[in-house]
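Right, one structure below, let's go through it.
The following block contains the structure:
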């Protein structure tokens with residue numbers, strides 16, 4: 087499968103614990119995005135990388151959230167001291183930086199986080 | 003700021019009938035418009051996009067959408083609905099990078115389409 091992959095698909099944790107999610111974009115996609123989707127809502131933008139550089143961060147991305155893309159390939163999203171309000175689907179997307187399809191973001195299956 | 007409105011939470015249509023899912027948007031400058039579909043417990047699948055050119059855009063699975071600049075709308079359409087089209091549909095917009103809207107997509111709240119057999 088050459089699509090965007092995310093691991094784990096599901097994560098259940100207790101309030102106060104740290105969690106880390108991984109996203110592997112489509113190979114050769116320079117841009118990588120993280121979104122959060124809560125029940126009954128559309129995805130909301132969290133952050134965006136071009137190669138290893140984090141170029142945009144939403145105000146939704148509090149101090150407890152950190153994202154990295156160390157080698158410009160896979161990315162990790164860490165949430166420290168989780169709160170029940172962090173329960174959501176975390177979606178990763180990737181896109182090309184040049185070419186005819188540069189504007190299309192392709193999404194992974196998501197990681198569903200439940201904070202007890 | 004950019005925004006998207008999907009005025010209908012739910013659309014029901016009989017199989018074989020035409021379907022329309024509505025979307026209106028607000029963005030600075032020329033819009034980049036997208037439709038995505040989401041099946042239960044799945045990520046979003048890209049259906050089609052409008053960047054420039056012909057106002058009628060054709061996409062995957064027989065879907066099409068019409069860009070109307072004067073009405074700031076981008077409605078999704080299909081001439082003949084299938085039961086398998088039942089899913090959650092999202093409209094999204096972004097503006098040109100560097101004009102305050104960056105590259106992120108802004109999504110509507112989604113429309114649940116149910117095609118009845």
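Chains as they are written, first to last, in our numbering: chain S, 87 to 202; chain L, 3 to 119. Glycine included, each C-beta is placed from N, C-alpha and C at the ideal position.
Residue from L:105, L:118, L:115 and L:85 whose Cα sits closest to the Cα of residue 29 of chain L = L:105
May I ask which residues mark the beginning and end of the beta strand (DSSP E) holding residue 48 of chain L?
-> If you look at residue 48 of chain L, you'll find it in the beta strand (DSSP E) that goes 46-52.
Establish whether the CB of residue 123 of chain L and some CB of chain S are separated by less than 8 Å.
-> This structure does not reach residue 123 of chain L, given that chain L is present from 3 up to 119, and the question cannot be answered.
Beta-carbon proximity of residue 118 of chain S to residue 135 of chain S, cut-off 8 Å | Annotated as proximal: residue 118 of chain S and residue 135 of chain S, with beta-carbon spacing under 8 Å.
Cα-Cα separation between residue 194 of chain S and residue 115 of chain S, rounded to whole angstroms = Cα to Cα, residue 194 of chain S sits roughly 13 Å from residue 115 of chain S.
Sequence-distant residues of its chain with Cβ nearer than 8 Å to residue 189 of chain S (five each side left out) = 181
Euclidean distance between Cα positions of residue 151 of chain S and residue 165 of chain S = 5 Å
For residue 109 of chain S, which beta-bridge partners are listed by DSSP?
-> S:92 and S:161
Is it true that the CB of residue 48 of chain L sits closer than 8 Å to the CB of residue 63 of chain L?
-> no
Assign residue 55 of chain L to one of two classes, buried (16 or more other C-beta atoms within 10 Å of its C-beta) or exposed (fewer than that).
-> exposed
Whole-Å CB distance - residue 111 of chain S paired with residue 177 of chain S, under 8 Å assumed | The Cβ separation is near 12 Å, so there is no contact.
Going by alpha carbons, who is nearest to residue 8 of chain L out of L:44, L:57, L:95 and L:50?
-> L:95
What do you reckon, are the CB atoms on residue 6 of chain L and residue 34 of chain L nearer than 8 Å?
-> no
Go through the region 21-91 of chain L residue by residue and report every complete run of the beta strand (DSSP E) that reaches 3 residues or more, in order.
-> 21-23, 26-28, 34-40, 46-52, 58-60, 66-70 and 75-80
What does DSSP give as the partner residues of residue 140 of chain S in its beta bridges?
-> S:135
Using a cut-off of 8 Å between C-beta atoms, extract the partners of residue 194 of chain S located in chain L.
-> 45
In terms of alpha-carbon separation, which member of L:31, L:23, L:69 and L:58 lies closest to residue 112 of chain L?
-> L:23
Going by the beta-carbon positions, is the gap between residue 124 of chain S and residue 174 of chain S smaller than 8 Å?
-> yes
Would you say the region 92-111 of chain S touches the region 141-148 of chain S, given that touching needs at least three Cβ pairs under 8 Å?
-> Contact fails: fewer than three Cβ-Cβ distances are below 8 Å.
Own chain residues within Cβ distance below 7 Å of residue 157 of chain S, not counting five before or after | 138
Cβ shell of residue 61 of chain L (< 6 Å), same chain only, five flanking positions each side left out | 49 and 50
Is any beta-carbon of chain S found at less than 8 Å from that of residue 34 of chain L?
-> yes
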